[in-house]
Amino acid sequence: MRRVTGCEARANKPPMSTKPQSLLKKHLLKKVWDAHTVCELPSGQTQLFIGLHLIHEVTSPQAFAMLRERKLGVRFPKRTFATVDHIIPTDSQIRPFQDVLAEAMMVELEKNCREHGITLFDPASGQQGVVHVIGPELGLTHPGMTIACGDSHTSTHGAFGAVAFGIGTSQVRDVLATGCLAMEPLKVRRIAIDGKLGRGVYAKDAILAVIRRLGVKGGVGFAYEYAGSTIEAMSMEERMTVCNMSIEGGARVGYVNPDETTFEYLRGRRYAPQGEAFERARAWWQSMASDAGASYDDEFALDAKAIAPSVTWGINPEQNLGIDEKLPSPQDVADEARASIEEALAYMQFKPGQSIEGTPINVAFIGSCTNGRISDLREAAAVAKHGKVASGIRTFVVPGSRAVAEQAEKEGLPEIFRAAGFTWREPGCSMCLAMNPDQLVGDEICASSSNRNFKGRQGSPTGRTLLMSPAMVAAAAIRGKVTDVREILG
Amino acid sequence: MSNSKIERVQGRACVLHGNDIDTDRIIPARFMKVVTFDGLGEHAFADDRKQAKGDHPLDREAFQGAQILIVGKNFGCGSSREHAPQALMRWGFHAFVGESFAEIFAGNCAALGVPLLVLSHADNTRLMDSVEADPAQQVTLDVARATLRYRDGEIQGKIAPGMQRQLLDGSWDGVAVLQTAGAAIEKTANALPYASNYAK
Chain U
155 MRRVTGCEAR
165 ANKPPMSTKP
175 QSLLKKHLLK
185 KVWDAHTVCE
195 LPSGQTQLFI
205 GLHLIHEVTS
215 PQAFAMLRER
225 KLGVRFPKRT
235 FATVDHIIPT
245 DSQIRPFQDV
255 LAEAMMVELE
265 KNCREHGITL
275 FDPASGQQGV
285 VHVIGPELGL
295 THPGMTIACG
305 DSHTSTHGAF
315 GAVAFGIGTS
325 QVRDVLATGC
335 LAMEPLKVRR
345 IAIDGKLGRG
355 VYAKDAILAV
365 IRRLGVKGGV
375 GFAYEYAGST
385 IEAMSMEERM
395 TVCNMSIEGG
405 ARVGYVNPDE
415 TTFEYLRGRR
425 YAPQGEAFER
435 ARAWWQSMAS
445 DAGASYDDEF
455 ALDAKAIAPS
465 VTWGINPEQN
475 LGIDEKLPSP
485 QDVADEARAS
495 IEEALAYMQF
505 KPGQSIEGTP
515 INVAFIGSCT
525 NGRISDLREA
535 AAVAKHGKVA
545 SGIRTFVVPG
555 SRAVAEQAEK
565 EGLPEIFRAA
575 GFTWREPGCS
585 MCLAMNPDQL
595 VGDEICASSS
605 NRNFKGRQGS
615 PTGRTLLMSP
625 AMVAAAAIRG
635 KVTDVREILG
Chain P
2 MSNSKIERVQ
12 GRACVLHGND
22 IDTDRIIPAR
32 FMKVVTFDGL
42 GEHAFADDRK
52 QAKGDHPLDR
62 EAFQGAQILI
72 VGKNFGCGSS
82 REHAPQALMR
92 WGFHAFVGES
102 FAEIFAGNCA
112 ALGVPLLVLS
122 HADNTRLMDS
132 VEADPAQQVT
142 LDVARATLRY
152 RDGEIQGKIA
162 PGMQRQLLDG
172 SWDGVAVLQT
182 AGAAIEKTAN
192 ALPYASNYAK
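Each protein sequence line maps, in turn, to chains U and P. Sequential numbering of the first sequence, starting at 155, is according to my numbering. Sequential numbering of the second sequence, starting at 2, is according to my numbering.
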């Protein structure tokens with residue numbers, strides 16, 4: 155039987171991908187992977203150094219407990235940052251939280267951060283927010299980094315050309331204790347989107363279109379590299395929306411090669427390098443981008459003109475449609491797909507062949523790590539200006555962070571939302587996963603700018619979620635039903 | 002410190018039909034307002050079970066005490082919550098067999114020493130049919146050979162090579178393995194330009 159060994163057992167690095175790679179032309183994933191490889195493990199996995207570890211209150215307490223049990227410390231406390239987002243209430247964030255369980259989790263996070271010298275961005279810091287919103291806005295997220303967090307939407311940070319992925323709690327423990335993870339090799343699929351997105355079509359629609367075509371399991375084993383003129387023309391916030399939902403397509407990692415848009419976003423941010431260091435950083439960041447002519451394990455192309463404002467109709471993000479399309483019928487598809495469609499139609503209480511447009515809604519949620527940034531709120535406000543929330547619709551506009559909320563206030567967005575009858579809340583994950591009091595009731599239908607339409611996702615075991623862009627959510631709130639935002643924008 | 006070697010999982014099996022079963026269904030978010038994993042087992046598939054009114058596979062008399070859960074495609078997709086495999090493990094499952102597994106879920110299972118065996122659609126369907134017809138049968142998952150022995154014979158499956166090695170040599174405890182790198186970790190870290198905030 156083998157002795158339990160780690161790093162010292164093997165010196166030779168096996169190739170990362172099964173495909174032969176040109177010696178000179180590498181994609182970003184390979185460059186970042188190589189730069190962070192501590193060694194190849196006897197298991198065939200790579201011991202990868204993690205450059206930035208983000209933690210939050212839900213998936214870290216057990217990891218700290220495991221450290222305590224083994225009398226271990228945090229090896230890289232200065233590369234570890236914490237915030238509170240999942241359980242935080244969005245009506246009042248005054249302590250103690252009314253929910254005693256939420257308060258207990260908050261206390262635990264504070265204790266763990268204090269004990270281990272980890273910076274915590276709590277509400278009092280003025281920097282609290284959804285972990286994937288604050289990392290970039292503080293300038294913690296850099297191109298060429300490896301980033302891990304006990305949250306599957308860590309892929310968001312890939313927008314900067316970082317290799318960023320979600321992990322479970324035992325792996326949070328591993329990163330806390332060693333600064334490293336044991337990782338299986340990843341293949342890379344280059345997804346090229348070219349052309350100009352139409353009016354009323356947003357980054358959210360682009361990623362929903364990708365997931366619809368490649369499926370919710372199409373990305374398993376792959377990192378997605380998003381490229382093409384559509385992606386290049388996107389702002390950092392739009393790129394974050396795209397990368398955020400990589401995991402909904404099965405890809406644990408999604409990234410965009412860093413470019414001038416990336417560098418200009420980072421310039422001047424709190425944790426970004428300043429002055430001459432910024433110029434040195436920029437040169438290194440640039441060098442980490444995929445080389446022209448690098449080879450990929452797979453490639454996929456999509457025409458931006460083919461993307462319409464999209465809405466999910468079922469119980470996973472692949473089950474989405476252009477606003478002018480009809481729901482599928484189980485008899486139109488092969489055996490295996492039939493069961494999924496039948497299950498989704500039954501849960502959603504929808505009929506085959508019906509239009510998604512015109513579906514009445516009960517709740518509208520604008521926010522989340524997918525679409526809770528300032529540009530998302532601006533787009534939604536631009537629609538909200540055109541009307542009033544339809545009667546009987548509950549609304550939640552939840553900024554992704556305190557900084558987003560403050561910027562929105564400067565721009566007068568809360569007034570626009572309030573005048574239209576929307577409720578403006580405090581920052582947090584809120585109704586994306588409903589771990590706080592913001593939840594659906596019964597079989598309510600929610601027009602949601604979040605990322606998952608799973609059964610029961612928004613807090614009610616029978617609640618129904620329709621994913622769409624923030625502008626489409628605002629349109630649905632105003633009309634009381636799923637609406638083509640282009641009609642309102644004129 | 003090393004963990005125990007996991008060479009086989011043996012016992013009865015439980016069949017759970019359906020593809021793309023996400024971790025929100027395995028453990029709804031409201032049960033994650035906890036600071037330990039203790040007690041999660043009873044909430045496994047809480048909402049699905051409630052709606053099935055006693056007819057969910059986890060509640061069926063014939064599947065009580067099962068050690069192995071047989072699932073479809075893309076099991077464990079969605080949220081990275083380790084609470085999902087923790088809940089299933091605490092329910093009593095010590096291995097999963099299916100057509101495919103989501104990546105983060107697979108990583109969590111590896112860290113917990115829970116084998117995942119991947120079978121072809123045809124083999125998986127045959128196995129599900131057999132176990133449903135005869136839930137009392139003994140099923141044995143052999144990690145080294147990546148096989149599953151059941152009443153009707155033996156099926157060749159696949160276990161991700163990394164996971165397979167970790168289970169067999171007891172190196173599925175990440176901390177123990179990763180620590181052996183020692184100062185090589187700091188050496189790798191310090192070579193990265195951002196470690197010094199691009200000072201040089």
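Think of the CB as a built atom: it goes at the ideal place given N, C-alpha and C, for glycine as much as any other residue.
As summarised for the stretch 116–167 of chain P, the continuous beta strand (DSSP E) elements at least 3 residues long and confined to that stretch are 117–119, 140–143, 148–151 and 154–157, given in chain order. When U/Ala518, U/Gln325, U/Ala631 and U/Leu208 are compared, the shortest CA-CA separation from U/Ala236 is found for U/Leu208. With distances taken between CA atoms, U/Val329 lies nearest to U/Ile204 out of U/Tyr450, U/Leu195, U/Ala443 and U/Ile204. Secondary structure of U/Phe314 (DSSP, three-state): helix.
Close CB contacts of P/Arg91 within its chain, under the 6 Å cut and outside five residues either way in sequence, are with Leu41 and Gly42 (chain order). Beta bridge pairing from DSSP links U/His207 with U/Thr234 and U/Ala302.
U/Cys583 carries a coil assignment under DSSP once its states are collapsed to helix, strand and coil. Closer than 7 Å to the CB of U/Phe504 there is not a single CB belonging to chain P. In the DSSP assignment, P/Asn109 falls within the alpha helix (DSSP H) that extends over Glu104 to Leu113. Between U/Arg406 and U/Gly293, the C-beta spacing is not below 7 Å. Against chain P, the CB of U/Lys180 has no partner CB under 7 Å away; the residue lies outside that interface.
Rounded to whole angstroms, U/Pro412 and P/Ala196 show a C-alpha spacing of 19 Å. Per DSSP, U/Val364 lies in no beta strand (DSSP E) segment; the continuous alpha helix (DSSP H) that holds it begins and ends at Ala357 to Leu368. Straight-line measurement puts the Cα of P/Ala107 at about 19 Å from the Cα of P/Gln157.
About 4 Å separates the CB atoms of U/Thr549 and U/Phe576; that is less than 8 Å, so the two are in contact. Here U/Asn474 carries a strand assignment [DSSP, helix/strand/coil]. For chain P, the residues of the stretch 265–299 of chain U that bring a beta carbon within less than 8 Å of one of its beta carbons are His296, Gly298 and Met299, in chain order. With a threshold of 7 Å between beta carbons, U/Thr310 makes no contact with chain P. Taking the beta carbon of U/Gly375 as reference, the chain P residues within 9 Å of it are Glu104, listed in sequence order.
Here the C-alpha atom of U/Leu221 lies approximately 13 Å from the C-alpha atom of U/Gly333. Taking 8 Å as the upper bound on Cβ-Cβ separation, chain U lies near residues Ala161 and Pro162 of the stretch 146–162 of chain P. At a C-beta separation below 8 Å, U/Thr234 has no neighbours in chain P, since its nearest C-beta there lies roughly 13 Å away.
Residues Pro624 of the same chain have their beta carbon placed closer than 6 Å to that of U/Asp530, with the five preceding and five following residues left out of the count. From the beta-carbon of P/Ile71, no residue of chain U is found nearer than 8 Å; the closest lies around 16 Å away. Contact annotation: U/Ile515 and U/Ala630 have beta-carbon atoms nearer than 7 Å.
Interface with chain U (7 Å Cβ-Cβ cutoff): P/Met129 is excluded. A distance below 6 Å between beta-carbons, with the five flanking residues on each side excluded, links U/Gly617 to the following residues of its chain, in chain order: Leu594 and Glu598. Among the CB atoms of chain P, one or more fall inside 7 Å of the CB of U/Met589. The stretch 340–354 of chain U makes contact with the stretch 455–474 of chain U, as at least three CB pairs between them are under 8 Å. Interface annotation, U/Asn470: in contact with chain P, CB-CB separation under 7 Å. Spatial neighbours of U/Lys542 in its own chain (CB-CB distance under 6 Å, excluding positions within 5 residues in sequence) are listed in chain order as Ala574 and Gly575. In the structure shown, U/Arg436 adopts helical secondary structure according to DSSP, grouped into three states. For U/Met388, the secondary structure class from DSSP, reduced to helix, strand or coil, is coil.
Shortest Cα-Cα distance from P/Asp170 to any of U/Val551, U/Gln612 and U/Leu195 involves U/Leu195. The beta-bridge partner set that DSSP reports for U/Ala377 consists of U/Val342 and U/Val407.
If you look at U/Val551, you'll find it in the beta strand (DSSP E) that goes Arg548 to Val551.
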